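Numbering (full-length UniProt numbering), first residue to last: 1 to 543.
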């Protein structure tokens with residue numbers, strides 16, 4: 001028999017957190033503590049996340065069987081179904097992990113939980129839900145990582161009050177009642193859309209919503225990887241006999257743009273582009289966050305229908321291929337001559353300047369056999385005309401001029417003397433750009449030559465950074481009418497006091513005069529006359 005008198009029936013696409021909030025207001029409970037005690041027999045805890053903690057307690061207190069209740073709550077009121085196709089299948093027993101072992105919940109990477117620290121809503125959905133369904137609620141499809149707009153209306157999702165910036169989600173607190181105004185007076189019921197998202201953002205949101213609603217069963221990482229690879233080859237993303245990961249990545253960049261990808265994927269935003277696409281299984285999973293999986297799947301298959309159908313077909317193909325293996329006769333079919341020739345040809349292909357000494361070093365036995373039994377073929381191969389190496393020049397990126405101009409226009413702002421100075425290095429200069437530059441240095445030089453030149457010109461030396469930091473310290477001490485000496489600088493500045501003494505001597509600063517007349521930090525820095533790549537005073541300083 002159920003311990004609960006009632007629990008609100010789930011609305012379409014409703015988060016469990018939203019149902020808990022509606023229960024709180026419908027039950028008439030005065031405090032969140034009472035509500036948590038009713039539903040979970042627990043003190044208030046953080047109920048956000050992919051699968052809320054202690055969800056099995058709620059499943060046990062609802063009418064019916066606990067197992068079916070748990071399955072229904074997870075599949076209908078959490079974002080977990082969007083993760084399920086990408087988590088792989090169990091490689092060991094999961095029976096001892098408790099109710100949360102349901103369909104692989106324990107395989108959700110911990111990093112994904114950090115993406116669920118907000119509660120997002122679409123004001124238009126709130127208004128329509130109240131009119132059409134009689135209740136306003138929080139949608140789970142709005143909470144999927146990487147989703148920034150409403151899949152239905154295309155409006156930008158908001159996670160805080162647009163008037164006072166009060167966040168909707170707070171730990172250990174219930175979500176706001178959407179029919180009640182914020183403390184500042186703002187209400188989603190009479191709010192127009194803040195701004196529309198792009199068509200591409202809505203396309204991503206719609207794909208994520210469709211994957212969530214389908215409840216695709218768990219898929220083995222081998223099936224998922226093979227499915228991605230097969231579709232890559234169909235789409236022309238090929239490198240030799242393998243999937244062309246670099247070509248796929250370039251195509252995704254071209255289709256979605258740096259700005260959208262940086263917004264969706266934190267790793268992309270920080271310039272971590274190497275191995276951004278990972279199609280090899282690691283511990284039974286393809287080690288990529290959900291948002292990245294969604295982008296790759298959408299780009300390759302265009303729709304949730306196409307993706308689900310491809311997964312089914314790939315599962316059938318792989319299951320049919322798993323049959324009693326035939327004896328390994330492939331190697332026996334190849335004659336010794338064929339195998340040794342292949343080995344020699346491979347070595348010659350890898351190095352155009354390879355000679356007989358190189359072959360002896362790298363493949364002693366094949367070289368010995370070929371010399372004794374197939375010498376004419378080997379001599380013909382060694383004396384064959386070498387193919388000229390063709391160097392493919394990578395084209396200059398069309399954004400190069402604009403990026404170079406952005407750095408030139410914004411670099412002075414980075415060099416301002418401020419309270420918390422940061423050295424103007426490559427990373428901080430790249431922060432002026434709307435997108436990231438290629439991580440590989442040679443590729444960066446080839447595709448962004450002007451931008452690379454600007455970065456090299458405007459990088460700050462360690463000594464200039466020390467000077468800029470110390471100038472701010474001196475100006476602040478004078479402004480606060482504190483003595484400027486060895487002791488105060490040592491206590492208030494990150495710059496070594498030895499550097500302070502060396503600078504005072506080298507620039508002949510009259511600290512007493514500066515203290516009397518006051519000093520502007522920017523003026524004092526300019527008065528030193530040193531360049532931004534200054535290599536320091538001529539005297540040696542031991543730290």
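All C-beta atoms, glycine included, are put in the ideal place defined by N, C-alpha and C. Quantities reported herein were computed from a predicted structural model and do not represent experimental measurements.
Can you tell me whether residue i is helix, strand or coil according to DSSP?
i: residue 18; result: helix
i: residue 9; result: coil
i: residue 534; result: coil
i: residue 211; result: helix
i: residue 450; result: helix
i: residue 590; result: For the chain, the structure presents residues 1 to 543; residue 590 sits outside this window and is missing.
i: residue 155; result: strand
i: residue 142; result: helix
i: residue 40; result: helix
i: residue 433; result: coil
i: residue 281; result: strand
i: residue 196; result: strand
i: residue 425; result: coil
i: residue 287; result: coil
i: residue 87; result: coil
i: residue 238; result: strand
i: residue 455; result: helix
i: residue 59; result: helix
i: residue 147; result: coil
i: residue 218; result: coil
i: residue 167; result: strand
i: residue 71; result: helix
i: residue 119; result: coil
i: residue 160; result: strand
Between which two residues does the alpha helix (DSSP H) carrying residue i extend?
i: residue 521; result: 521-527
i: residue 372; result: 364-373
i: residue 438; result: Per DSSP, residue 438 belongs to no alpha helix (DSSP H) and is neither H nor E.
i: residue 342; result: 336-350
i: residue 83; result: 80-83
i: residue 515; result: 511-517
i: residue 181; result: First-last for residue 181: undefined, no H or E at that position.
i: residue 401; result: 400-414
i: residue 123; result: 123-133
i: residue 419; result: That residue, residue 419, is in no alpha helix (DSSP H); it is neither H nor E in DSSP.
i: residue 263; result: 245-264
i: residue 477; result: 462-479
i: residue 486; result: 486-492
i: residue 547; result: This structure does not reach residue 547, given that the chain is present from 1 up to 543, and the question cannot be answered.
Between residue i and residue j, which are expected to be in contact by the criterion C-beta below 8 Å, what is the C-beta distance as a whole number of angstroms?
i: residue 455; j: residue 407; result: 7 Å
i: residue 42; j: residue 35; result: At roughly 11 Å, the Cβ-Cβ gap does not stay under 8 Å, so residue 42 and residue 35 are not in contact.
i: residue 44; j: residue 175; result: In fact, because the Cβ distance is near 13 Å, the residues do not count as touching under 8 Å.
i: residue 264; j: residue 277; result: Between residue 277 and residue 264 the Cβ distance is about 14 Å, and since that is not below 8 Å, they are no contact.
i: residue 227; j: residue 311; result: 6 Å
i: residue 137; j: residue 14; result: 5 Å
i: residue 453; j: residue 425; result: The Cβ separation is near 16 Å, so there is no contact.
i: residue 472; j: residue 419; result: 7 Å
i: residue 478; j: residue 502; result: With 8 Å as the limit, residue 478 and residue 502 do not qualify as a contact, their Cβ atoms being about 20 Å apart.
Output yes or no for whether 9 Å exceeds the beta carbon distance between residue i and residue j.
i: residue 81; j: residue 214; result: yes
i: residue 373; j: residue 343; result: no
i: residue 289; j: residue 84; result: no
i: residue 438; j: residue 447; result: yes
i: residue 74; j: residue 105; result: yes
i: residue 4; j: residue 70; result: no
i: residue 78; j: residue 133; result: no
i: residue 55; j: residue 112; result: no
i: residue 86; j: residue 286; result: yes
i: residue 146; j: residue 294; result: yes
i: residue 243; j: residue 249; result: no
i: residue 467; j: residue 530; result: yes
Of all the CB atoms in chain C, is at least one closer than 9 Å to the CB of residue i?
i: residue 214; result: Any reference to chain C falls outside this structure, which holds one protein chain only.
Across the region 484-493 and the region 430-443, are there enough close Cβ pairs to call them in contact, namely three or more that are closer than 8 Å? Between the region 484-493 and the region 430-443, the count of Cβ pairs shorter than 8 Å is below three; the stretches do not touch.
Indicate whether the contact test is met: 3 or more Cβ pairs, each with one atom in the region 150-158 and one in the region 221-240, closer than 8 Å. no
Can you find at least 3 beta carbon pairs, one from the region 365-381 and one from the region 407-418, that sit closer than 8 Å? no
At a cut of 8 Å, does the region 265-275 reach the region 120-139 through at least three beta carbon pairs? no
Taking contact to mean at least 3 C-beta pairs separated by less than 8 Å, is the region 229-236 in contact with the region 300-308? yes
When the Cβ atoms of the region 278-285 are set against those of the region 183-195, are three or more pairs found closer than 8 Å? no
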